[in-house]
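K.L.:
Each residue of the sequence shown is one higher than the one before, starting from 336 at the first, in our numbering.
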Amino acid sequence: MSTKRQQPRWVPPGDEDKPVLKLFNSLTRQKEVFVPISGRRVTWYSCGPTVYDASHMGHARSYITFDILRRVLSDYFGYDVFYAMNITDIDDKIIKRARQNYLFEKYASEKRSLEEVISHAKQVLESFAEKSKKTTDPDKKQMYEKLLIRLSQSVEELESAVKSGDASKVADAQQKFVKECRDPLSDWLDTKYGSTVRDNAIFSSLPRHWEEEFHKDMDSLNVLRPNVLTRVSEYMPEIISYIEKIIENGFGYEANGSVYFDVAAFDKKDKHHYAKLVPEAYGDTNSLQEGEGDLTTADQRSEKRSPNDFALWKNSKPGEPSWESPWGLGRPGWHIECSAMASNIFGPNLDIHTGGVDLKFPHHDNEIAQSEAHFCNPEWVKYFLHSGHLTIAGCKMSKSLKNFVSIQDALSKYSARQLRFAFLLHSWRDTLDYSQNTMECALQYEKLFNEFFLNAKCVTATFCSEKSSFSTFTKWNDQETSLNDKFLQTKCNVHTALCDNVDTRTALDFLRELVTTSNVYLRERKPANKLLLHDIASYITRILTIFGAINEPSKIGFPVSKESANNVSVNNLSNLCVQNSKL
């Protein structure tokens, strides 16, 4: 009898070489396979701005960068991203600027004798001359020298006006002094009268104004809104409770109304390690002191058990906002705000934490220590992603160098799409130089894609609106096969590039090659295959939309068809909305 035939063994497709998403993790200083803690769910906390002035291109570097990463993880790789960002509305810079604004406005509105104004002008001049001598920062020194020249001129003009006896000249000189010397005058007023400012309300209007402007800038740049936004001023009870838990766990101590983190005690515990991100910075008290801010005086520094310790809660001095706490009137340290607010939203674990590279130490290292000390958990964040620096034509951005570029300044010269192309053409973790050459390259890429889309739309204009018919599908020849092979290879290459630390530069280069090949096809093939060309244009549109370079208006619900539109008028739709709002 014949042997019964059986099905042959089936071999599944191999995926050994299949690329997987890897991100450069600052905790390991290398690319790591991205594996969220809970399936496809990704928890993400990003350090937001300190709102005391107009947002600049340094802010854009961080927030456009993280917007691109967020969109790629969510819209390309399909992760369910829950994104939170903070607003620092209590900070030394904010406090000082708010005080100065308040004192200046008060000074400008009060009447005073000319002799008093001249006396004040001379005192301001002396004050800044002393600051200019003491500073070692070349940028600040240059700025002070320019201010000194302006102040000297103002004093001379005031005295000259007095000698002339012309009342109108005197009034003009006074007004010019107050107007043109606002910054040095405000600084002098703050030094002299700052301790008299005590009302907390004075310190809240400034950050609220600049937060509003920040959100406008982000909308203009097509940066997605966070799912949650936290403000330090709104989380005072949570911050105080967080500090109490750190003290209870043995990692914090109180001294004269301030609370400090005990680095030595933290380091002694098993599995805890201070300065995970930048261990070589351990003991760098200069960097640590910059993180402590203006509040920490020599006397307060002596309160610490070790120079490596840092403030969790600061005993407020006169002229600063304050809140009630178990340790007396004070305010939070800079680092504790992010730990407390992120933990309040996400709990003891976090997938991704992002911020500028300048925040690694001490800010993020201190965040890690605080959060691990609070939860007694050695792994608070799994992936730390840091965006690179931004320079202006090769130099550090500085007002004294006159290369300070606000976001609005940049948008007055370039579109949001052009700025985004500039960011897409650089690695998110490398230094980006904002210069004419950089923007010229971005403009060329925009032009390339725009011209291709116009050509593709011209060829497929009737294709999209037509119903499928016999003529919709035409036979392929070698040209279609070759173009499709390029299309398929581009998809693979773009995917590989995005898996490799979200390499948008390489991805754009592959898209550019596909456009070039498609343009050759359009010139040589008459008529072109509309279906294939439509698929290519749709794919490129999708990728650029994921990158945020194409901003489509969001739609809610089902699209209104022509039939339903004829039956439901605009007024009826409005009435339905009103009725539903009452349910």
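Just so you know, even glycine gets a beta-carbon here, dropped at the ideal spot from N, CA and C.
Inspect the beta-carbon positions of Asp534 and Leu438 and report whether they are closer than 8 Å.
P.N.:
Taking 8 Å as the Cβ cut-off, Asp534 and Leu438 do not qualify as a contacting pair.
K.L.:
Take the Cβ of Pro656 as the centre, count every other Cβ of all protein chains shown within 10 Å, and call the residue buried at 16 or more, exposed below.
P.N.:
Buried.
K.L.:
For a test of the three-state rule: what should DSSP assign to Lys917, helix, strand or coil?
P.N.:
The predicted model places Lys917 with a pLDDT of 47, which falls under 50 and marks its position as unreliable, so this point remains unresolved.
K.L.:
Return the CA-CA distance between Glu898 and Glu801, expressed in angstroms with no decimal places.
P.N.:
In this prediction, Glu898 has a pLDDT of 48, which is less than 50 and means its spatial position is unreliable; nothing more can be read from the coordinates.
K.L.:
Could you give the first and the last residue of the continuous alpha helix (DSSP H) run that contains Asp686?
P.N.:
Per DSSP, Asp686 belongs to no alpha helix (DSSP H); it is in the beta strand (DSSP E), Leu685 to Gly691.
K.L.:
Are Thr1000 and Gly374 touching if we call contact CB-CB under 8 Å?
P.N.:
Residue 1000 is absent from the structure shown; the chain starts at 336 and stops at 918.
K.L.:
Which same chain residues, not among the five before or five after Val740, have their C-beta less than 8 Å away from its C-beta?
P.N.:
Excluding positions up to five away in sequence, the list reads His391, Met392, Ile727, Met732 and Tyr769.
K.L.:
Using a Cβ-Cβ cut-off of 7 Å (strictly less than) and excluding sequence neighbours within five positions of Phe788, which residues of its own chain qualify?
P.N.:
Around Phe788: Ala872.
K.L.:
Please tell me whether Lys353 and Asn836 are closer than 8 Å, where the distance is taken between their beta carbons.
P.N.:
Their beta carbons are not under 8 Å apart, which means Lys353 does not touch Asn836 by this criterion.
K.L.:
With distances taken Cα to Cα, identify the nearest neighbour of Ala433 among Trp811, Leu725, Gly654 and Leu843.
P.N.:
Residue Gly654 is the option with its Cα nearest to Ala433.
K.L.:
Output the distance between the C-alpha atoms of Tyr919 and Ser487, rounded to the nearest integer angstrom.
P.N.:
Nothing about residue 919 can be read from this structure; the chain reaches only from 336 to 918.
K.L.:
Going by DSSP, name the residue or residues bridged to Val563.
P.N.:
According to DSSP, Val563 bridges with Ala419.
K.L.:
Between the alpha carbons of Lys861 and Thr338, how many angstroms are there, rounded?
P.N.:
Distance between the alpha carbons of Lys861 and Thr338: 58 Å.
K.L.:
DSSP three-state label for Phe719, please.
P.N.:
Note: Phe719 maps to strand in three-state DSSP.
K.L.:
Can you tell me whether Ala590 is helix, strand or coil according to DSSP?
P.N.:
Residue state, collapsed to three classes: strand.
K.L.:
Roughly how many angstroms separate the alpha carbons of Asn578 and Ser622, rounded to a whole number?
P.N.:
According to the sequence shown, residue 578 is Ile rather than Asn. Using only the alpha carbons, I get a separation of about 23 Å.
K.L.:
Give the list of continuous alpha helix (DSSP H) stretches no shorter than 4 residues that lie fully inside the segment 380-453.
P.N.:
Here the runs fully enclosed are 392-406 and 427-444.
K.L.:
By the DSSP assignment, the alpha helix (DSSP H) with Asp768 in it spans what residues?
P.N.:
No alpha helix (DSSP H) holds Asp768; the beta strand (DSSP E) holding it covers Leu767 to Tyr769.
K.L.:
Take Val407 as the anchor and find which of His761, Ile878, Met676 and Asn886 has the nearest alpha-carbon.
P.N.:
Per the Cα distances, Ile878.
K.L.:
Buried or exposed for Ile399, going by 16 or more other Cβ atoms inside 10 Å?
P.N.:
Buried, because 16 or more other Cβ atoms sit within 10 Å of the Cβ of Ile399.
K.L.:
Could you tell me whether the segment 672-689 touches the segment 597-607, where touching means 3 or more Cβ pairs closer than 8 Å?
P.N.:
No, the segment 672-689 does not touch the segment 597-607.
K.L.:
Would you give the residue range spanned by the alpha helix (DSSP H) that Gln477 belongs to?
P.N.:
Note, Gln477: alpha helix (DSSP H), Pro473 to Ser499.
K.L.:
My assumption, with CB atoms under 8 Å, is that Lys611 sits in contact with Leu362. Please give the rounded CB distance.
P.N.:
Right, their Cβ atoms sit about 6 Å apart.
K.L.:
Run through the DSSP bridge pairs and tell me what Arg666 is partnered with.
P.N.:
DSSP output for Arg666 lists Lys649 as bridge partner(s).
K.L.:
Can you have a look at Asn360 and say buried or exposed, based on whether 16 or more other CB atoms are within 10 angstroms of its CB?
P.N.:
Looking at its Cβ environment, which holds 16 or more other Cβ atoms inside 10 Å, Asn360 is buried.
K.L.:
Can you pull the DSSP bridge partners for Cys730?
P.N.:
Cys730 is bridged to Ile727.
K.L.:
What residue range is occupied by the uninterrupted beta strand (DSSP E) comprising Val368?
P.N.:
Gln365 to Val368 is the span of the beta strand (DSSP E), which, as asked, contains Val368.
K.L.:
Starting from Phe601, trace the alpha helix (DSSP H) in both directions and tell me its first and last residue.
P.N.:
From DSSP, the alpha helix (DSSP H) with Phe601 extends over Val598 to Lys603.
K.L.:
Which residue or residues does DSSP assign as beta-bridge partners of Phe549?
P.N.:
Beta-bridge pairing links Phe549 to no other residue.
K.L.:
Alpha carbons only, please: which of Gln435, Asp388, Gln705 and Thr807 is nearest the one belonging to Ser530?
P.N.:
Of the candidates Gln435, Asp388, Gln705 and Thr807, the one whose C-alpha sits nearest the C-alpha of Ser530 is Gln435.
K.L.:
For the ligand ZN, is there a heavy atom less than 7 Å away from the beta-carbon of Gln509?
P.N.:
The model on display carries no ligand, and the ligand ZN is accordingly not part of it.
K.L.:
I'd like the list of long-range same chain contacts for Pro667, defined as Cβ closer than 7 Å, with 5 residues on each side in sequence excluded.
P.N.:
Excluding sequence neighbours, Pro667 sits near Ile425, Val567, Ile574 and Trp648.
K.L.:
Where do the ends of the alpha helix (DSSP H) carrying Phe845 lie?
P.N.:
Its alpha helix (DSSP H) spans residues Thr839 to Glu859.
K.L.:
Which of helix, strand or coil does DSSP assign to Arg517?
P.N.:
In this structure, Arg517 counts as helix in the three-state DSSP scheme.
K.L.:
For the candidate residues Pro348, Val368 and Arg364, whose alpha-carbon lies nearest to that of Val355?
P.N.:
Considering only alpha carbons, the answer is Val368.
K.L.:
If I follow the unbroken beta strand (DSSP E) through Lys339, where does it start and stop?
P.N.:
First-last for Lys339: undefined, no H or E at that position.
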